[in-house]
Amino acid sequence: MSQTYINKLNYQDFVNPNKPNYITKEFEKLIREIGDCKSKLDEDRLIEQQIIKLKKFTKKKKIKPKQQSELVLRLLFCQLLGHDVSFAHILAINSSQESNLFYKFIGYLAASIFISTNEDLQLLMINSIQKDLKSDNTLAVSIALTTITKIITVDMIPAVLSNVLILLKHQEPLIRKKALTAMYTFLKQSPESILKHQKDFELMLDDKDISVTGVALDLFLFISKTKPKTIKHLVVSFVEILNLIISGKLPIEYDYREIHAPWIQIKLLKILSYLGQDDPNTSREIYQVVQLVLKESEIGFINGIFAGHAIMHECIKTITKLYPSTKLLELASIAAGKFVTSYSNNLKYLGITALTDLVLVYPEATNKHQIIIVDCLEDPDETLKRKTIELLFRITNKSNISFIVEKMLSYLKTQKDQKYKTSLVSRILKLAEEHGTNIKWYILTINKILQIFGDLVNHDIVYNIMKLISEGSLLEDEEDEEDEDDEEEKESGKEGSQLTKYDGNTALKIFSVNIYAEIISLKKPYPNILYQISLWVAGEYSYLCTNFTTEEIMVNVVDLINAFYISDETRAMAITALTKMVSHSGKYLEQIDTIIQKYSTSRNTDIRQRCFEMKGILQLPNIIDNILPPDSINTDIEIDTNLEFLNEFVENSLKNGGKKYISKEERIKMENELQLGINENKKKSKELRFEAYQSNNPQQSSTWRIPQQNIYEREVNNNQISNTIEIENSISLKVSGISQRWTETGYSGFKENENQNIENKKEKGEEKNTNDNNQNNQNNNNNNNNNNQNDNNDNNNNQINQNNNEKILDVKSFRFNRIGSKEPILEEENKIQEKNLNNDNNNNITTIKQKPPKTEEELKREKTVNALFNGVGSVRTSRKKSKSQKVNLNSKHITKNTIEKNNEKVENLIDLGSEKN
Amino acid sequence: MIKFILIVNKLGQTRLAQYYTTGLSINKRVALENEITRRCLSRKDKECSFLEFRDLKVIYRRYASLFFLVGVDEEENELGILEFIHCLVETLDKYFENVCELDLMFNIDKAYMILDEMALNGNIIETNKKNIIAPLHIIDQVSKKLK
Numbered sequence: 001m002s003q004t005y006i007n008k009l010n011y012q013d014f015v016n017p018n019k020p021n022y023i024t025k026e027f028e029k030l031i032r033e034i035g036d037c038k039s040k041l042d043e044d045r046l047i048e049q050q051i052i053k054l055k056k057f058t059k060k061k062k063i064k065p066k067q068q069s070e071l072v073l074r075l076l077f078c079q080l081l082g083h084d085v086s087f088a089h090i091l092a093i094n095s096s097q098e099s100n101l102f103y104k105f106i107g108y109l110a111a112s113i114f115i116s117t118n119e120d121l122q123l124l125m126i127n128s129i130q131k132d133l134k135s136d137n138t139l140a141v142s143i144a145l146t147t148i149t150k151i152i153t154v155d156m157i158p159a160v161l162s163n164v165l166i167l168l169k170h171q172e173p174l175i176r177k178k179a180l181t182a183m184y185t186f187l188k189q190s191p192e193s194i195l196k197h198q199k200d201f202e203l204m205l206d207d208k209d210i211s212v213t214g215v216a217l218d219l220f221l222f223i224s225k226t227k228p229k230t231i232k233h234l235v236v237s238f239v240e241i242l243n244l245i246i247s248g249k250l251p252i253e254y255d256y257r258e259i260h261a262p263w264i265q266i267k268l269l270k271i272l273s274y275l276g277q278d279d280p281n282t283s284r285e286i287y288q289v290v291q292l293v294l295k296e297s298e299i300g301f302i303n304g305i306f307a308g309h310a311i312m313h314e315c316i317k318t319i320t321k322l323y324p325s326t327k328l329l330e331l332a333s334i335a336a337g338k339f340v341t342s343y344s345n346n347l348k349y350l351g352i353t354a355l356t357d358l359v360l361v362y363p364e365a366t367n368k369h370q371i372i373i374v375d376c377l378e379d380p381d382e383t384l385k386r387k388t389i390e391l392l393f394r395i396t397n398k399s400n401i402s403f404i405v406e407k408m409l410s411y412l413k414t415q416k417d418q419k420y421k422t423s424l425v426s427r428i429l430k431l432a433e434e435h436g437t438n439i440k441w442y443i444l445t446i447n448k449i450l451q452i453f454g455d456l457v458n459h460d461i462v463y464n465i466m467k468l469i470s471e472g473s474l475l476e477d478e479e480d481e482e483d484e485d486d487e488e489e490k491e492s493g494k495e496g497s498q499l500t501k502y503d504g505n506t507a508l509k510i511f512s513v514n515i516y517a518e519i520i521s522l523k524k525p526y527p528n529i530l531y532q533i534s535l536w537v538a539g540e541y542s543y544l545c546t547n548f549t550t551e552e553i554m555v556n557v558v559d560l561i562n563a564f565y566i567s568d569e570t571r572a573m574a575i576t577a578l579t580k581m582v583s584h585s586g587k588y589l590e591q592i593d594t595i596i597q598k599y600s601t602s603r604n605t606d607i608r609q610r611c612f613e614m615k616g617i618l619q620l621p622n623i624i625d626n627i628l629p630p631d632s633i634n635t636d637i638e639i640d641t642n643l644e645f646l647n648e649f650v651e652n653s654l655k656n657g658g659k660k661y662i663s664k665e666e667r668i669k670m671e672n673e674l675q676l677g678i679n680e681n682k683k684k685s686k687e688l689r690f691e692a693y694q695s696n697n698p699q700q701s702s703t704w705r706i707p708q709q710n711i712y713e714r715e716v717n718n719n720q721i722s723n724t725i726e727i728e729n730s731i732s733l734k735v736s737g738i739s740q741r742w743t744e745t746g747y748s749g750f751k752e753n754e755n756q757n758i759e760n761k762k763e764k765g766e767e768k769n770t771n772d773n774n775q776n777n778q779n780n781n782n783n784n785n786n787n788n789q790n791d792n793n794d795n796n797n798n799q800i801n802q803n804n805n806e807k808i809l810d811v812k813s814f815r816f817n818r819i820g821s822k823e824p825i826l827e828e829e830n831k832i833q834e835k836n837l838n839n840d841n842n843n844n845i846t847t848i849k850q851k852p853p854k855t856e857e858e859l860k861r862e863k864t865v866n867a868l869f870n871g872v873g874s875v876r877t878s879r880k881k882s883k884s885q886k887v888n889l890n891s892k893h894i895t896k897n898t899i900e901k902n903n904e905k906v907e908n909l910i911d912l913g914s915e916k917n
Numbered sequence: 001m002i003k004f005i006l007i008v009n010k011l012g013q014t015r016l017a018q019y020y021t022t023g024l025s026i027n028k029r030v031a032l033e034n035e036i037t038r039r040c041l042s043r044k045d046k047e048c049s050f051l052e053f054r055d056l057k058v059i060y061r062r063y064a065s066l067f068f069l070v071g072v073d074e075e076e077n078e079l080g081i082l083e084f085i086h087c088l089v090e091t092l093d094k095y096f097e098n099v100c101e102l103d104l105m106f107n108i109d110k111a112y113m114i115l116d117e118m119a120l121n122g123n124i125i126e127t128n129k130k131n132i133i134a135p136l137h138i139i140d141q142v143s144k145k146l147k
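So the sequence lines, in the order shown, correspond to chains P and G. Position one of the first sequence corresponds to residue 1 (the numbering used here), numbered consecutively onward. Position one of the second sequence corresponds to residue 1 (the numbering used here), numbered consecutively onward.
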């Protein structure tokens, strides 16, 4: 039938078209030119020119209705061919407001098409639509209703709803029909408000015109999808209408190829399928009519008319959805069989689609057609093939898995769509995993898949295979394998009997190592993933291999390592496999030396690492078995999480004065406390710093400040004095001092110290208290220098470090206290001592001099600076050496008392310092 | 539900396009049409008339130089649509008396009107040719009186 149309259309093209009388020459020219365009480019150029012309027209103030409608048609063409004509949308609106029906029609038509890109148009049109709905002219009403279905939005429904409801009872079937379509649009946009009027369109089901009923069915189809319960009482009516149609009582105009109103039948079947879904009672009401429709449509089937097939297909779909009835399901599967075995690809496609749904409720449906279904995979039609694959995924079971997977793989090879391929490969792997009953088959299949599509496979499969081989068993009836088919058990039993001397697991390992050793020996550029599995298996179980000797495998692996087609990752695995094989077999190849030599300098760190590992392990023949014991994949390695073997070491260290480990929680707690202290510190330090840094001349600054500065000076001085004797030769103290001198504020000058130190004489009372802190400072400072000498003094150093850490805290808190302390009492002795000291030892004093309380930031910086500039510091101090020695001499006799108070740790520290020197 | 009806010629040039879904910009529309047309044109005669494209099913039928393409959703009956296309062509043929590509271009308004009489909201509303053509004749009478 369609053939005749093909011929007709061919001869008629561009020869003698029906040319309406209203067409102007210009419009005709445009149409002809568009028709002559041979490419999209020509067409675009033409339309762009046309749009320029049209823009000129739209600027005119007065356009005659006739010309306007012609312009609108031209605009319509421009938009149709993909160009924006929003500049002239208003023309369409204007045209729709003309009184002439034709202009009105053109206007509405164009506007409803333009509207998709310009929502403002809707508001401009609503008035004229409202007016036209009340028109006496049937066609005007019809056109307005048609436009409503295309442009209406939720907000506009109330404006027209009442009019449309009246029109539902119009005497003309055309208007009733169109009013119902408008109602459908409203229903879709705002179901709640329209369902109130359900009674109104329930009446339309009994309309004397079947077309109107047909449109009413659209509304019920929509409701049956969303709220099936509200229309269950109408099932009888639907069944009745369906019976009426198939009995041939409709006017003959509704027949299409001897089938009575096929599209209405389809609609009814759809509604019934939704209503009967999961509802046995309703389904029972429907069974009979569906069976009848199916039987009627078969008549069409014999005549080779597609409309009949369409109904039959719909019947199958309905039966699938209804509450299952074995009788109907059987009929459906017979019908589907007719589709599948048909000559036409369209029918085959639908048959496969129908079966895909049908097998879910009726698995027997495909039993007879399996061969035909699989044959569909060889069809050149891609759509059909993809559908078939979907069906095959559903009908795969333990008995046909190997056959289906094989077919799928050969189909995959022809595929070019990478994305589709990837998803398909993973699905096939899943399928094999789910339905594969035979481990041998599974391993072989996976290998086959990996050989071809290894690059598309998720790497999880590697671990699955590894796990399977290490844990699986070939003797399935022996172990706790579940729900195996009898046949399969027998089969695997046979396999097992051939290998009776091994248990199932070993048999599997032998089987797989033979396979994978062979893959390695083939030396083909297979995907890396396959080689990785092969190498792992060969590495683990080479000693079980019966087809190859370990040496042979080793030679092959060596060749593989040198092959260009494997990745570095694989190469690294190969080296490990080689190590394992040497370790397990105790055999060694000369080539291995070459490998080690060659790849020890590899750019890939992993390969290099593994080479060195292998080298190292091979040099330890005594413990090699412990490092790589055979078949150890499933043995859990005991991990001593408490590191108990270190206990002795820890105890020793504690005995030697090491500090106890502080757990993370405790540390956090401590840090928080510290933070609190610092925060308070900060508040006060702000004002202090401001003053202290500003003035170099204490005499000029306000009086209250001086004592505070003095406090620091004094501390420092005492500190200096107390230690100078012991550390005569020590660089460490001085170093830190010097490096500290260069602080944020720059060089803290001599003068200041001199002056301040004079004032310092005043403070005395807290001298004793300060001793400890001074020592701490000293420790802190020294520590940095000592770090350089750690090698020789591990124990001491640990101790010192820890002490320092502890005392940094103390120092801080001390400083903090000092700020608030009262003015110290003057003491004469110290005055003299300090004067001497200060005179000679300006440098040192300044350097160790403490600033007002430091913020956390400062402390940090200080630490880092000290740490960083250790080396620099020591160089600097050596220059100052002579000077400091002088000081030491001077202070010797003065500070004897203080020295005695020093604790052992400081002495240690000083010892260190002197050792260094 | 029908998502769109498209008539293109064998060069892939759109001759008629009716969408039943909103919110498609011109650019997206053109891209969609190009892609679908390209795929349909590349298919062979013996292959089935269905094409799965994203979440759409495209059902197409060729008549000489014109392709009729209908995009539908998952639940639509494919053969029903295939027959609907034929019904549409028959109706066009009946109205234009031996319809050709140029007929559709000169009478794009009428072509749209026929389509609107047959399908609205993505549903098939009328397949009775008499009913479809009746309003068109009225329009024709009106337009003939135009000066």
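For each residue, glycine too, the CB sits at the ideal point set by N, CA and C.
Item	Value
Measure from the C-beta of F87 (chain P) to each C-beta in chain G and report whether the shortest distance is under 9 Å.	no
Pull the bridge partners of E52 (chain G) from the DSSP assignment, please.	G:K57
Quick one: residues in its chain with C-beta nearer than 6 Å to the C-beta of L167 (chain P), no 5 flanking neighbours on either side, listed in chain order?	I175 and A179
Along the chain, which unbroken stretches of the alpha helix (DSSP H) at least 4 residues long are found entirely within the region 84-133 of chain G?	101-106 and 108-118
What would DSSP say about N21 (chain P), mapped onto helix, strand or coil?	coil
Please report how far the alpha carbon of N397 (chain P) lies from the alpha carbon of H435 (chain P), in whole angstroms.	6 Å
Starting from the beta carbon of E172 (chain P), find every residue of chain G whose beta carbon is closer than 9 Å, and list them in chain order.	By Cβ distance, chain G contributes nothing, its closest Cβ being about 10 Å from E172 (chain P), past 9 Å.
In three-state terms, what does DSSP make of A517 (chain P)?	helix
Consult DSSP for G71 (chain G) and reduce its assignment to one of helix, strand or coil.	strand
Is the CB-CB distance between I139 (chain G) and F186 (chain P) below 9 Å?	no
Given that a residue counts as buried once 16 or more other Cβ atoms are within 10 Å of its Cβ, and exposed if not, what is Q18 (chain G)?	buried
Suppose you measure from the CA of V58 (chain G) to the CA of D73 (chain G); what does that come to, to the nearest Å?	9 Å
Where do the N-terminal and C-terminal ends of the beta strand (DSSP E) with Y254 (chain P) fall, by residue?	Taken as a continuous stretch (DSSP letters only), Y254 (chain P) belongs to no beta strand (DSSP E), as it is neither H nor E.
Using DSSP's beta-bridge definition, name the partner residues of I2 (chain G).	G:V72
So, with DSSP's three-state summary, where would you put T14 (chain G)?	strand
Is there a C-beta anywhere in chain G that falls below 9 Å from the one on R386 (chain P)?	yes
Please list, in chain order, the residues of the region 56-83 of chain G that have any C-beta partner in chain P closer than 8 Å.	R61, R62, Y63, A64, S65, L66, E75, N77, E78, L79, G80, L82 and E83
Could you say which of P:L81, P:K232, P:L620 and P:K295 lies nearest to Q586 (chain P) if we only look at CA atoms?	Per the sequence shown, the amino acid found at residue 586 (chain P) is Gly instead of Gln. Ranking the options by Cα distance to G586 (chain P), first place goes to P:L620.
Which of helix, strand or coil does DSSP assign to Q418 (chain P)?	helix
Find the nearest neighbour of D279 (chain P) within the set P:T320, P:I299 and P:S297, judged by alpha-carbon distance.	P:T320
Could you check the C-alpha separation between Q50 (chain P) and T58 (chain P) for me, to the nearest Å?	12 Å
Skipping 5 residues on each side, what residues in its chain have a beta carbon closer than 7 Å to that of E117 (chain G)?	E126, I132 and P135
On the DSSP letters alone, give me the boundaries of the alpha helix (DSSP H) that I566 (chain P) sits inside.	First-last for I566 (chain P): undefined, no H or E at that position.
For a contact defined as C-beta to C-beta under 7 Å, what are the partners of S42 (chain G) on chain P?	None at all; the shortest Cβ gap to chain P is about 10 Å.
Along chain P, in chain order, which residues have C-beta atoms closer than 7 Å to that of K46 (chain G)?	N345
Counting only beta-carbon atoms, is I2 (chain G) nearer than 9 Å to chain P?	no
Per the contact definition of three or more C-beta pairs closer than 8 Å, is the region 368-376 of chain P in contact with the region 386-401 of chain P?	yes
Quick one: residues in its chain with C-beta nearer than 7 Å to the C-beta of Y420 (chain P), no 5 flanking neighbours on either side, listed in chain order?	none
According to DSSP, what are the bridge partners of Q277 (chain P)?	P:L322
Just to confirm the assignment, what range does the alpha helix (DSSP H) spanning D155 (chain P) have?	Where D155 (chain P) is concerned, there is no enclosing alpha helix (DSSP H), given that its DSSP letter is neither H nor E.
Determine the DSSP secondary structure at N9 (chain G), reduced to helix, strand or coil.	strand
So Q79 (chain P) packs on V85 (chain P), CB below 8 Å; how close in whole Å?	5 Å
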